[in-house]
Ligand code: GLP
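In our numbering, the protein residues as written are 20 to 258.
Okay, structure coming up:
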């Protein structure tokens, strides 16, 4: 994993946008896996700006949702679906046949994960995975624990994940999430890990220790041959 530091969220996001755009120029039908949450939002805004300058750039791109809360309506504020529709899918004109997604309101989340696993077997592997990290070190909803899970699965959410700012709209604390697994993520050709915010200081220090542990799923990215971690050094406080 290569780690790069930036002095603002803006400059981190510009670098992330440039890396994604470079990849898409080389592979226009790239399969992009997109995290949600606060951290990647500016990167996605910049991609949308690039789209308005370079018409057709994203005309063939495919997108897979990294993770989703269980038991929320897709158009509910705070659902990953709602986020991706607003920040990427609608602005970039990515329509149904180029988009693969866990259904947030599925009554059978285990079957929903099996469906997504089957889809990923057909369309994968991922070309570019854009990831954030949870305050507890999760990537997607691969939560810390004694073991990690390779493929799409239903995850019991850690308390810190349940308390994520996205869930404040729900009126209840989600217990379960659906997520791509660690092998799905690690099979990506290129992984972009974005880290910003004071709350990420501890997890970033853990990453910097270069110790790999299932108790910090993001640390497994040290084993990936082409991961770039971009860190907004103005908000993550190392001293
Ligand atoms: C959420 C999402 C993750 C996201 C992470 C960090 O729970 N499931 O995909 O990367 O937490 O979110 P944020 O960037 O808002 O800190």
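The beta-carbon is built from N, C-alpha and C at its ideal position, and this holds for glycine as well.
How should residue i be labelled, buried or exposed, when 16 other C-beta atoms within 10 angstroms of its C-beta is the threshold for buried?
i, result
"residue 161", "buried"
"residue 113", "buried"
"residue 80", "buried"
"residue 191", "exposed"
"residue 214", "buried"
"residue 241", "exposed"
"residue 251", "buried"
"residue 196", "buried"
"residue 217", "exposed"
"residue 222", "buried"
"residue 257", "exposed"
Note down, in chain order, each residue of its chain lying with its Cβ closer than 8 Å to the Cβ of residue i, except the 5 sequence neighbours on either side.
i, result
"residue 19", "Outside the modelled stretch of the chain, which goes from 20 to 258, sits residue 19, for which no answer is possible."
Among the residues of its own chain, which have a CB less than 6 Å from the CB of residue i, if the five just before and after it don't count?
i, result
"residue 125", "131"
"residue 148", "52, 204, 207 and 210"
"residue 120", "84"
"residue 31", "25, 249 and 251"
"residue 12", "The displayed coordinates of the chain run from 20 to 258. Any statement about residue 12 would go beyond what the structure contains."
The ligand GLP and residue i: does the residue's C-beta get closer than 7 Å to at least one heavy atom of that ligand?
i, result
"residue 177", "no"
"residue 152", "yes"
"residue 146", "no"
"residue 71", "no"
"residue 160", "yes"
Closest to residue i by CA distance: which of the options is it?
i, options, result
"residue 65", "145, 241, 28 and 179", "28"
"residue 254", "84, 149, 40 and 58", "58"
"residue 219", "179, 120, 147 and 87", "179"
"residue 110", "45, 68 and 127", "68"
"residue 48", "38, 77, 73 and 31", "77"
"residue 181", "25, 214 and 98", "98"
"residue 35", "231, 212 and 256", "212"
"residue 230", "175, 39 and 156", "156"
"residue 22", "146, 243, 186 and 227", "227"
"residue 82", "141, 50, 62 and 70", "50"
"residue 42", "258, 176 and 245", "245"
Can you give me the Cβ contacts of residue i inside the same chain, cut-off strictly under 7 Å, excluding the 5 residues immediately before and after it?
i, result
"residue 158", "150, 152, 204, 236 and 237"
"residue 170", "136, 200, 202 and 203"
With a threshold of 7 Å, establish whether the CB of residue i neighbours any heavy atom of the ligand MG.
i, result
"residue 101", "This structure simply doesn't include the ligand MG; it includes the ligand GLP instead."
| Sequence ranges, alpha helix (DSSP H) only - wholly within the stretch 80-166, length at least 4 | 99-103 and 128-142
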